[in-house]
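Residue numbers for the sequence shown follow full-length UniProt numbering, so the first one is 1 and each next one is one higher.
Notes follow once the structure below has been shown.
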Amino acid sequence: MEGYNIFKEKIYKKVGINLSCYKERQMKRRIESLINRNNFTSYDKYFEALNTNTKLLEEFINYLTINVSEFYRNPQQWETLEKEILPNLFKTKNKLKMWSAACSTGEEPYSLAMLLTKFLPLKDIRIIATDIDEGALSKANIGIYSKKSLENLPKEFIDKYFDKVAESYKISENIKNTVTFNKHNLLESPYPDNCDLIICRNVMIYFTEETKNEMYHKFYDSLNNNGVLFVGSTEQIILPHRYKLTPLRTFFYSKTP
Numbered sequence: 001m002e003g004y005n006i007f008k009e010k011i012y013k014k015v016g017i018n019l020s021c022y023k024e025r026q027m028k029r030r031i032e033s034l035i036n037r038n039n040f041t042s043y044d045k046y047f048e049a050l051n052t053n054t055k056l057l058e059e060f061i062n063y064l065t066i067n068v069s070e071f072y073r074n075p076q077q078w079e080t081l082e083k084e085i086l087p088n089l090f091k092t093k094n095k096l097k098m099w100s101a102a103c104s105t106g107e108e109p110y111s112l113a114m115l116l117t118k119f120l121p122l123k124d125i126r127i128i129a130t131d132i133d134e135g136a137l138s139k140a141n142i143g144i145y146s147k148k149s150l151e152n153l154p155k156e157f158i159d160k161y162f163d164k165v166a167e168s169y170k171i172s173e174n175i176k177n178t179v180t181f182n183k184h185n186l187l188e189s190p191y192p193d194n195c196d197l198i199i200c201r202n203v204m205i206y207f208t209e210e211t212k213n214e215m216y217h218k219f220y221d222s223l224n225n226n227g228v229l230f231v232g233s234t235e236q237i238i239l240p241h242r243y244k245l246t247p248l249r250t251f252f253y254s255k256t257p
């Protein structure tokens, strides 16, 4: 299907998402699948519809940003965070600045908040959580999740911090109040500074190598000395020293002062 390059320019002007930073073959396949599903015949016709139909535009952004998440995704990595990474960070300070980037519908920052209750009282837990998708952030703020999304979460957290609502689970206000959700574009927006822990998982795989290089440098600048970057299970950083990052454990990297 022709017209992708012009479509990319129009989307960037309209919603600020730079599709050139994503792997082209993968992204084209996703968008063309969506175009066909909605019975359009070209990128041009599809963009015309996005321009006038708010519901269609929301669907496009949701589909584009790939909101697939769950609590305690890859549980062994959360165990490493609990047993090794966090205790190390708490050796030097009592309060940590933490950022969950590309947080999707909130499972990740809420997982972090619950884990942190093992180290801190709720009143001292503060997490910044960001995503480009306003629809995902709205769901995160509501805080209602399916039983399936809780499968990996320790039972103690489910019992303590969720109420069953019909076939779903609503997270407690105590945990919700520890997380501040904001819209943020990893490709364009300024990054928070002085972070002790940044979690950015399962999003980097969609970007080009050039874009990932830029983002790793930005994450480095965002971290405090000895701050930690926690990445996804398919996102091990090759030659992390190029970004002045030191491997701590698989998927965990410390800023080299």
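Beta carbons are placed, not taken as given, at the ideal position from N, Cα and C, and that holds for glycine.
- In this structure, Asp159 keeps its C-beta atom at 8 Å or more from the C-beta atom of Lys170.
- DSSP places Ala166 outside any beta strand (DSSP E), giving it a letter other than H or E.
- When DSSP states are grouped into helix, strand and coil, Arg249 belongs to the strand group.
- Taking C-beta atoms as the reference points, Ile132 and Ser168 fail to come closer than 8 Å.
- Counting other Cβ atoms within 10 Å of its Cβ, Gln77 reaches 16 or more and is therefore classed as buried.
- C-alpha of Ala49 to C-alpha of Thr250: approximately 44 Å in a straight line.
- Rounded to the nearest whole angstrom, the CA to CA distance from Ile125 to His217 is 27 Å.
- Assignment of Ile132 by DSSP, reduced to helix, strand and coil, places it in the coil class.
- Three or more beta-carbon pairs separated by less than 8 Å link the stretch 196-208 to the stretch 95-115, which places the two stretches in contact.
- The Cβ atoms of Ile127 and Val179 sit closer than 8 Å to each other.
- Minimum Cα-Cα distance from Cys195 among the listed residues Thr211, Val228, Ala166 and Met215 corresponds to Val228.
- Looking at the backbone, the Cα of Ser33 and that of Asn152 are separated by about 31 Å.
- Apart from sequence neighbours up to five positions away, the residues of its chain that approach Asp44 with a beta-carbon distance below 8 Å are Gly3, Ile6 and Phe7, ordered along the chain.
- The closest CA to that of Leu239, considering only Glu79, Tyr253 and Thr130, is found on Tyr253.
- For Ser222, the enclosing alpha helix (DSSP H) stretches over residues Glu209 to Ser222.
- In the three-state reduction of the DSSP assignment, Tyr161 falls in the helix class, which pools H, G and I.
- Residue pairing by DSSP places Ser100 opposite Ala129 and Ile199 in a beta bridge.
- Considering only Thr234, Pro247 and Glu24, the residue with the shortest C-alpha distance to Asn74 is Thr234.
- The beta carbon of Glu82 is closer than 8 Å to those of Leu115 and Lys118 in its chain, skipping five residues each way along the sequence.
- Looking at the DSSP output, Asn182 bridges to Thr130.
- Annotation for Cys21: Leu187, Phe207, Thr208 and Thr211 place their beta carbon closer than 7 Å to its own, counting only its chain and skipping 5 residues before and after.
- Residue nearest to Leu223 within the set Thr41, Ser138, Leu197 and Pro87 is Leu197 (criterion: CA-CA distance).
- Here DSSP, grouped into helix, strand and coil, assigns Ser111 to helix.
- If you draw a 10 Å sphere on the C-beta of Val231, you find 16 or more other C-beta atoms in it, and that means buried.
- For Ser33, the uninterrupted alpha helix (DSSP H) segment begins and ends at Glu24 to Arg37.
- Thr256 places its beta carbon 8 Å or farther from that of Leu248.
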